[in-house]
Amino acid sequence: MSQSTKRLKSRNEREGSPWTGLSAVLTKEMADHLTGARMLILEALVLLTAVGTIYTALKSIKPTDDNQFLYLRLFTTAQDPLPAFVFFLAILVPLIAIALSFDSINGEFSRRTLSRVLAQPVYRDALLMGKFLGGLLTLTMVFSAIWLLIFGIGILRLGVPPTAEETGRALWFLLGTIFYGGIWMALAMLFSTVFRSSATAALASIAVWAFFIFFWNIVVGIIAPLLGPDQIATLDQLVAAGQTQMILTRISPITLYADIATIMLQPTERFLGFVLPVQLDRAIKSPLPLGQSLLVIWPQLTGLIAATILLFVLSYVLFQRQEIRA
Amino acid sequence: MLDLVLETKGLTKYYGNFVAVDNLDLSIRKGEVFGLLGPNGAGKTTTILMLLGLTEPTQGEVRVLGFDPARQPLSVKKSVGYMPDQVGFYDDLTARENLIYIAKLNGIPRDEIKRRVEEAIERVRLTNVIDQRTGTFSRGMRQRLGLADVLIKNPQLIIMDEPTQGLDPELAHEFLGMIHSLKEEGTTILLSSHLLHQVQAICDRVGLFSKGRMVLQGTVSELARKVLGGAYRIQLEAEGPAAKLRKALGELRDVNAVKMNDGRIVIEAQKDVRADAAEAVVKAGGRLQSLNVESQSLDDIYTRYFDEVKHESVH
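Which chain is which? The protein sequence lines are A and B, in order.
Everything in the first sequence is counted per the working numbering, starting at 1 for the first residue and increasing by one.
Everything in the second sequence is counted per the working numbering, starting at 1001 for the first residue and increasing by one.
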């Protein structure tokens, strides 16, 4: 809590750092996550899908292929009956993130540990921040391990080392994945601050997830035409309508994540969303360098991070004002 | 003033329009055991939360060990141990792990943590279950672990909310014994309870709480004098002319009132007048069958006080 004005500083500032005890909370949360049965189940699930999809993908990828980005294709290749690994990520990452934090605050209430912990010389800031960072670091560790596993399998089966370009793209995609998880984690944490019952918080988070996965595109399909003119007569109107639709779909974090996956894992993709054939005229169909791809998805990436921070701040404000007696 | 551990002036807390704590003046001296007594919902827990800086007072001043809990909560919470009512633990962790977490939150140096945790557990006699998960602990064990949890930071002041609630009489007695031994070591203790008879033995002073107000404050015998009219209640059974006996007893020195209760005579007096009473009964022609002095009970004080308050409001 930074109180910026000088007057406040001299008279009303709280003593000490708001982060006193942060590392204690952080270590405990991570230890809880990494040893808990809940995490074990989720890890097993992700591992299974990772190994399964990678092995089926390997059937259709040969080291002698023209395509230079063999390792990135491990993520994106779908082979019947299994969809690609990125597809599973888009669905599973939110579930893992929600599972890690839906009971983070109200769980302390119902276990009656909150008042005991807050009676120690720490601020609420440290508790909430420690819980959030603990969850985010756990996600980071789990996904880093899976990324390494995929590259490991790749090296064994393909026999060629990944290029620097591929590694760089995979790492940026990893960052996107972590913050895609972060958004859902912050959402679940917000619900766990608002609702006193963990089950309600879990249900609310899952409801939001289901809404964006299954219904958002339908909703956009209904809303978007209502926002434009009744009849599309000119090219400009067509473009405008297309853009409205695109903006609406991008409210969903799933769309943002899909955008990042498309651009980062398929270097030949150079546009997102609505493009006219005119604009593609004489375009050279060759892969973009990493820096250029990054520029294309920069808004999506920063959007994910910003939304994560925003949701966290919201739960932060609510938690600071909450009465701690049950 | 130096030995004042805790002081509040005009402490007030509103929840919306509801007054939870109303204009509370409280001071606790070093080494004292103070009992904050009253029924559930009287504002005891709210008061405690304000003392710890866990809830902000609407009005008034608080000083705990010389610090303002609203502005210097870290300093306050470093040296004040708080045991909430129905203390909870992380059930998946062992007793030791639970305490280590608290020790870390208190910033106790790494190389001291192990020793301090084991000492605290030893004191509450839980050493044999130190590595068991707290999920398996009984109510009594949890309560003791809660005390260990407080002791780990070597507090100057311990605040306990309903420490004996939900314990069977034997466990409650054992727990009160532990509190007593802390007092012997010079720790200042503030405890809240609605089980008046349990805590009256260990409290140096008590404050009776009702509807957010501290209505009475002092030692148990002071309160007895103030409310019961006399510090002593003597029960007497005798055969003989009841009216004559009552008159004779009423004329004794230091007797405030004589009443009948279930065929027994109850004398309220400022002194132990048993000998005089026996003599008076015999002289008045009665045959004395039993004579007892009642210990002063907080329950009586409390009930009597609120009866009187009710009566006054009726008149």
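Heads up, the beta-carbon is just placed ideally off N, CA and C, and yes, glycines get one too.
In this text the structure is predicted, and so the values were computed from the model without any measurement.
Of the listed residues the options, nearest to residue i (C-alpha basis)
i          : options                                        : result
Gly1218(B) : Arg1205(B), Asn1256(B), Pro1155(B)             : Arg1205(B)
Trp184(A)  : Gln245(A), Pro94(A), Val142(A)                 : Pro94(A)
Lys1183(B) : Glu1112(B), Lys1030(B), Glu1122(B), Gln1086(B) : Lys1030(B)
Ala201(A)  : Ala99(A), Val86(A), Gln79(A)                   : Ala99(A)
Gly16(A)   : Pro1069(B), Tyr1232(B), Ala1148(B)             : Pro1069(B)
Arg196(A)  : Arg73(A), Ala44(A), Arg111(A)                  : Arg111(A)
Leu1279(B) : Gly1140(B), Val1255(B), Asn1098(B), Ala1248(B) : The sequence given here places Glu at residue 1279(B); Leu does not occur at that position. When only C-alpha atoms are compared, the closest one is Ala1248(B).
Gly36(A)   : Phe69(A), Gly135(A), Thr49(A), Leu171(A)       : Gly135(A)
Leu174(A)  : Leu156(A), Ser198(A), Ala145(A), Leu42(A)      : Ala145(A)
Ala1284(B) : Ile1158(B), Ala1242(B), Ala1020(B)             : Ala1242(B)
Val1281(B) : Phe1306(B), Ile1234(B), Lys1244(B), Gln1296(B) : Lys1244(B)
Leu70(A)   : Ser286(A), Phe151(A), Met39(A)                 : Phe151(A)
Glu43(A)   : Arg14(A), Leu133(A), Leu139(A), Pro83(A)       : Leu139(A)
Ile1100(B) : Leu1191(B), Ser1221(B), Ile1152(B)             : Ile1152(B)
Ala1275(B) : Lys1259(B), Met1260(B), Asp1254(B)             : Asp1254(B)
Ser1193(B) : Asp1300(B), Ile1113(B), Gly1207(B), Gly1081(B) : Gly1207(B)
Ser1027(B) : Ala1020(B), Thr1046(B), Phe1018(B), Asp1003(B) : Asp1003(B)
Ser1181(B) : Ile1234(B), Ile1108(B), Glu1032(B)             : Glu1032(B)
Ala78(A)   : Ile54(A), Leu48(A), Ala90(A), Arg14(A)         : Ile54(A)
Ile247(A)  : Phe211(A), Pro225(A), Leu310(A)                : Pro225(A)
DSSP state of residue i mapped onto helix, strand, coil
i          : result
Met1001(B) : Confidence at Met1001(B) is low in this model, with a pLDDT of 46, below 50, so the placement of that residue should be treated as unreliable; the coordinate-derived value is given next. Here Met1001(B) sits in coil by DSSP.
Gln3(A)    : Low confidence applies here, because Gln3(A) scores a pLDDT of 39, under 50, leaving its location unreliable; read the following figure in that light. Coil at Gln3(A), not helix or strand.
Phe1089(B) : coil
Phe102(A)  : coil
Glu29(A)   : helix
Lys1114(B) : helix
Ser1138(B) : coil
Gly130(A)  : helix
Asn1261(B) : strand
Asp1161(B) : strand
Ile1234(B) : strand
Asn1098(B) : helix
Phe1034(B) : strand
Leu1006(B) : strand
Leu8(A)    : Because the pLDDT at Leu8(A) is just 39, under 50, the model does not fix this residue reliably, and the point stays unresolved.
Tyr1082(B) : strand
Ala164(A)  : helix
Val1220(B) : helix
Pair within 8 Å by beta-carbon distance, residue i and residue j
i          : j          : result
Val1117(B) : Met1178(B) : no
Lys1044(B) : Phe1209(B) : yes
Gly122(A)  : Leu1105(B) : Sequence check: residue 122(A) is Val here, not Gly. Yes, the Cβ-Cβ distance between Val122(A) and Leu1105(B) is below 8 Å.
Thr20(A)   : Leu1065(B) : no
Val1005(B) : Thr1188(B) : yes
Leu1167(B) : Gln1200(B) : no
Leu22(A)   : Met189(A)  : no
Thr1055(B) : Glu108(A)  : no
Glu1162(B) : Asp1085(B) : yes
Ile153(A)  : Pro161(A)  : no
Trp147(A)  : Ala126(A)  : no
Thr113(A)  : Phe143(A)  : no
Tyr257(A)  : Tyr180(A)  : yes
Gln266(A)  : Thr64(A)   : no
Thr244(A)  : Leu227(A)  : yes
Asp1025(B) : Lys1009(B) : yes
Ala1148(B) : Leu1171(B) : no
Gln1270(B) : Asn1256(B) : yes
Pro299(A)  : Thr268(A)  : no
Lys131(A)  : Ser104(A)  : yes
Glu1268(B) : Leu1298(B) : no
heavy atom of the ligand NAP below 7 Å from residue i C-beta
i          : result
Glu1162(B) : Within the structure as shown, the ligand NAP is missing, as the structure has no ligands at all.
What are the residues of the region 20-31 of chain A that lie near chain B, defined by any Cβ-Cβ distance shorter than 7 Å? Thr20, Gly21, Ala24, Lys28
How about the region 46-63 of chain A and the region 162-169 of chain A: do they share at least three Cβ pairs that are nearer than 8 Å? no
Taking a Cβ distance cut-off of 8 Å, strictly less, list which residues of the region 121-134 of chain A are near chain B, in chain order. Pro121, Val122, Tyr123
Going along the chain, which residues of the region 1099-1113 of chain B sit with their C-beta nearer than 8 Å to a C-beta in chain A? Tyr1101, Ile1102, Lys1104, Leu1105, Asn1106, Gly1107
Output needed in chain order: residues of the region 1286-1302 of chain B with a Cβ under 8 Å from some Cβ in chain A. none
Under 8 Å: do the region 1251-1265 of chain B and the region 1235-1242 of chain B share three or more Cβ pairs, one atom per stretch? yes
Against chain B: residues of the region 182-203 of chain A by CB proximity under 8 Å: none
Would the region 210-220 of chain A count as touching the region 1008-1015 of chain B if we require 3 or more Cβ pairs under 8 Å? no
Taking only beta carbons into account, state which residues of the region 1049-1060 of chain B come closer than 9 Å to chain A, listed in chain order. Leu1049, Leu1052, Leu1054, Thr1055
The region 1088-1101 of chain B touching the region 1024-1038 of chain B, judged by at least three CB pairs closer than 8 Å: no
Within 8 Å, do at least three Cβ pairs link the region 302-312 of chain A to the region 243-261 of chain A? yes
Short of 7 Å Cβ to Cβ, which residues in the region 92-115 of chain A face chain B? Arg111, Arg112, Thr113, Ser115
What residues from the region 28-53 of chain A come within 8 Å of chain B, judged by C-beta to C-beta, listed N to C? Lys28, Asp32, Gly36
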